[in-house]
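*Asks:* Read top to bottom, the protein sequences are chains A and B.
If you're matching positions, the first sequence starts at 1 in the UniProt record's numbering and goes up one per residue.
If you're matching positions, the second sequence starts at 1 in the UniProt record's numbering and goes up one per residue.
One structure coming up, written as structure tokens, with questions to follow.
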Amino acid sequence: MNRCYVEVLCRHTLQGEIRPVSIIWNNGVEYKIDRILQCCPAASLKSGGAGMRYTCLFNQECRYLFHDHDKWFIEKR
Amino acid sequence: MERIILHSDLNCFYAAVEMLYNPEYRTVPIAVCGDIEERHGIILTKNALAKECNIKTGEAIWQAKQKCPNLICVKANFSLYLRYAMKVKKIYLDYTDYVESFGIDESWLDISDCHHLYPSAIELANTIKNRIKFELGLTVSIGISYNKVYSKLASDAAEVDSIYTIYKEEREQKVFPLSIRDLLFIGHSNAKKLKMYGIYTIGDLAMTSVSTLEHIFGKVGLTLHAFANGYETSLVAHHTTSGSLKSIGNSTTCPKDLTTLEEVKIIFTILSESVCARAREQGFYGKTVTISIRDHQLVTVTRQMQCEIPTDCTDIVVKHALCLFEKHYSFSNPIRSLGVRLSNFTKTAPTKQISFFDKKKDLTVKQLELAFDEIRNRFGHFKIQRGCVLQDADLNRLDPKSDHVIFPESYFK
Numbered sequence: 001m002n003r004c005y006v007e008v009l010c011r012h013t014l015q016g017e018i019r020p021v022s023i024i025w026n027n028g029v030e031y032k033i034d035r036i037l038q039c040c041p042a043a044s045l046k047s048g049g050a051g052m053r054y055t056c057l058f059n060q061e062c063r064y065l066f067h068d069h070d071k072w073f074i075e076k077r
Numbered sequence: 001m002e003r004i005i006l007h008s009d010l011n012c013f014y015a016a017v018e019m020l021y022n023p024e025y026r027t028v029p030i031a032v033c034g035d036i037e038e039r040h041g042i043i044l045t046k047n048a049l050a051k052e053c054n055i056k057t058g059e060a061i062w063q064a065k066q067k068c069p070n071l072i073c074v075k076a077n078f079s080l081y082l083r084y085a086m087k088v089k090k091i092y093l094d095y096t097d098y099v100e101s102f103g104i105d106e107s108w109l110d111i112s113d114c115h116h117l118y119p120s121a122i123e124l125a126n127t128i129k130n131r132i133k134f135e136l137g138l139t140v141s142i143g144i145s146y147n148k149v150y151s152k153l154a155s156d157a158a159e160v161d162s163i164y165t166i167y168k169e170e171r172e173q174k175v176f177p178l179s180i181r182d183l184l185f186i187g188h189s190n191a192k193k194l195k196m197y198g199i200y201t202i203g204d205l206a207m208t209s210v211s212t213l214e215h216i217f218g219k220v221g222l223t224l225h226a227f228a229n230g231y232e233t234s235l236v237a238h239h240t241t242s243g244s245l246k247s248i249g250n251s252t253t254c255p256k257d258l259t260t261l262e263e264v265k266i267i268f269t270i271l272s273e274s275v276c277a278r279a280r281e282q283g284f285y286g287k288t289v290t291i292s293i294r295d296h297q298l299v300t301v302t303r304q305m306q307c308e309i310p311t312d313c314t315d316i317v318v319k320h321a322l323c324l325f326e327k328h329y330s331f332s333n334p335i336r337s338l339g340v341r342l343s344n345f346t347k348t349a350p351t352k353q354i355s356f357f358d359k360k361k362d363l364t365v366k367q368l369e370l371a372f373d374e375i376r377n378r379f380g381h382f383k384i385q386r387g388c389v390l391q392d393a394d395l396n397r398l399d400p401k402s403d404h405v406i407f408p409e410s411y412f413k
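In structure tokens, the structure reads:
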């Protein structure tokens, strides 16, 4: 499976938005999200699944983070 | 002004959702099936590759495996499909409030008031189609026409992930050559009847006089004539309106064949509990109890009777169901599936001449049933059960009220 479920630390804004702040990879390392470039509902045709897609910048590297119902996953390379 | 109605049909919906979550399924034939252990082992939906192997919806898994030995059978995950159906509906509602669901994967949309915001109705349909594909990874076929029946015909004629139109001036060339079986409301037996009169295509049906059709089918003949000619004028319902209920029923294929009256009583009790709880939720009292019995040869018997007064009480429905059963079935064959239905509803609580001796009994039973509902709603279905259903552990695992959330819909509500 190309989908990697991850733990996510989020900020819930007063407007009710959810902004992911960092993810904890399956080896336990926490990666900070430097910037969220885009946020829109989308399907992940590469790894399967669909939900709110956050285009995140991790240390100059761009990755899609999906919020699908009650879980978060990231597309594996 | 001529209406513009879209009919949107999600392509092999259950299989598409499974393929979305498991990309490895995209390149192999798969079918979404019922639970074999619960003896619901039939094909519910299949993907395009399975369709190429001539796998049919409704056939048994073993039959499908014979046709296509490498078929992957996936157990249905209804809660996931429902979630996706809701997401699709949410997209429709961004364009119009007039969205009427027809089953879980089909909907009509009346876009008469909003299509002018786009260059054309086709552009609007394309936008909806592309959004569903981008946001949910599912494909739809959309039919565009000026009434509900023709728009359904159009979406059936459309290829996967495409749009098909039937405008008024195109009906002779696009609709009339189609087989009558393609028309909504014409099933196997109606088609057979029509063929006896030399009516094979929708065009034949449209050209047949109303009086002839009325003679063959009665009132339904008028409807068929209107459907075939595109005279159908029913409105697409507002998304908040739920059709008025005419009956509430539950049926189940039992985990094992039933051979004794005790087993039948258990199933009738479980089904009636669900039917009556649903009737109480709606505040309905039903007067007619209908049972259906299907034996292991798949022969179905349906019988009904009237209650003395309209009821929403489980014990009374079970009593009538058993009475019908004993009168009409003699266990000539073991029973595969049973159903109970309550209909002929009134909204007002029935009045009855109370007996001098058991005047409080009815009230107590009602309170008991309401307490039953509350316990189940708060703590779960299996937290409270009737003693009689505990006699057979194989049969009492059923929870028809929450298990069967997807009902096929009737066009006539």
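Ideal Cβ placement from N, Cα and C applies to all residues, glycine included.
Please read all numbers here as calculations on a predicted model, not as lab measurements.
#1: Is the beta carbon of B/CYS254 less than 8 Å from the beta carbon of B/CYS313?
#2: With 7 Å as the limit, tell me which residues of the segment 14-33 of chain B have their beta carbon closer than that to any beta carbon of chain A; keep them in chain order.
#3: Grab the span of the beta strand (DSSP E) containing B/ASP110 for me, first residue to last.
#4: Do B/LYS75 and B/ASP105 have their beta-carbon atoms positioned less than 8 Å apart in this structure?
#5: In this structure, how does DSSP classify B/ILE316 when only helix, strand and coil are distinguished?
#6: Which bits of chain A does B/ILE134 rub up against, with CB to CB less than 9 Å?
#7: How big is the Cα-Cα spacing for B/ASN333 and B/CYS33?
#8: B/TYR146: which of B/LEU6, B/PHE382, B/ARG386 and B/ALA371 sits nearest, CA to CA?
#9: Starting from A/PRO20, follow its DSSP beta bridges and name the residues at the other end.
#10: Could you round the C-beta distance between B/THR201 and B/PHE176 to whole angstroms and report it? I think they count as a contact, below 8 Å.
#11: Please go through the segment 157-198 of chain B and give each complete alpha helix (DSSP H) segment of 4 or more residues, from N-terminal end onward.
#12: Work out the CA separation of A/ILE24 and A/CYS56 for me, nearest whole Å.
#13: Can the beta-carbon of B/VAL389 be found less than 8 Å from the beta-carbon of B/PHE325?
#14: Contact between the segment 13-24 of chain A and the segment 99-114 of chain B: three or more CB pairs below 8 Å?
#15: Using a Cβ-Cβ distance cut-off of 8 Å, determine whether B/ARG83 contacts chain A.
#16: With B/LEU184 and B/ALA228 assumed to form a contact (beta carbons below 8 Å), what rounded beta-carbon distance in angstroms separates them?
#17: In its own chain, which residues sit with a C-beta less than 8 Å from the C-beta of B/LEU20, not counting the 5 before and 5 after it?
#18: Where does B/TYR14 land, buried or exposed, given buried means 16+ other C-beta within 10 angstroms?
#19: In three-state DSSP terms, what is B/LEU213?
#20: Around the Cβ of B/ALA60, are there at least 16 other Cβ atoms within 10 angstroms (buried) or fewer (exposed)?
#21: Assuming B/ILE43 contacts B/ILE55 under a Cβ cut-off of 8 Å, what Cβ separation, rounded to an integer in Å, is found between them?
#22: Alpha carbon to alpha carbon, what distance is there between B/ASP399 and B/THR302?
#23: If we ignore side chains and look at the alpha-carbon of each, how far apart do B/THR351 and B/ILE309 end up?
#24: Cα separation between B/SER274 and B/ASN250?
#25: Which residue marks the beginning of the alpha helix (DSSP H) containing B/GLN13, and which one marks its end?
#26: Using a Cβ-Cβ cut-off of less than 8 Å, give me the residues of the segment 47-74 of chain A that come near chain B, in sequence order.
#27: Anything in chain A within Cβ reach of residue 415 of chain B, meaning under 9 Å, just list it in chain order.
#28: So does the segment 59-71 of chain A actually touch the segment 42-50 of chain A, counting three or more Cβ pairs closer than 8 Å?
#29: Among the residues of its own chain, which have a CB less than 7 Å from the CB of A/HIS12, if the five just before and after it don't count?
#30: Have a look at B/ILE384, B/LYS347 and B/PHE379 and flag the residue whose alpha-carbon is nearest the alpha-carbon of B/LEU368.
#31: I believe B/ILE166 touches B/LEU153 by the beta-carbon criterion, under 8 Å. Please report the beta-carbon distance rounded to the nearest angstrom.
#32: Restricting to Cα atoms, I'd like to know which of B/THR290, B/ASP394 and B/LYS46 is closest to B/LYS256.
#33: Determine the DSSP secondary structure at B/ALA393, reduced to helix, strand or coil.
#34: Just tell me which of B/LYS51, B/GLY283, B/LYS129 and B/SER112 has its CA closest to the CA of B/LYS89.
#35: On the DSSP bridge list, what partners appear for A/TYR64?
#36: Any beta carbon of chain A sitting closer than 8 Å to that of B/PRO408?
*Replies:* From the atom records:
#1: no
#2: LEU20, TYR21, ASN22 and PRO23
#3: 106-110
#4: no
#5: helix
#6: The amino acid occupying residue 134 of chain B in the given sequence is Phe; Ile does not appear at that position. Ordered by position in chain A, the residues that pass the 9 Å Cβ test against B/PHE134 are CYS40, PRO41, ALA42 and ALA43.
#7: 26 Å
#8: B/LEU6
#9: A/CYS10
#10: 6 Å
#11: 171-174 and 188-196
#12: 14 Å
#13: no
#14: no
#15: yes
#16: So it is not a contact: roughly 10 Å between Cβ atoms.
#17: LEU136, GLY137 and LEU138
#18: buried
#19: helix
#20: exposed
#21: 6 Å
#22: 23 Å
#23: 8 Å
#24: 7 Å
#25: The question names Gln, but residue 13 of chain B is Phe in the sequence shown. From DSSP, the alpha helix (DSSP H) with B/PHE13 extends over 13-21.
#26: SER47, GLY48, GLY49, ALA50 and HIS69
#27: Residue 415 of chain B is absent from the structure shown; chain B starts at 1 and stops at 413.
#28: yes
#29: ILE18
#30: B/ILE384
#31: 6 Å
#32: B/ASP394
#33: coil
#34: B/LYS129
#35: A/THR55
#36: Only weak support is given to the placement of B/PRO408: the predicted model assigns it a pLDDT of 48, under 50, and the question is left unresolved by the model.
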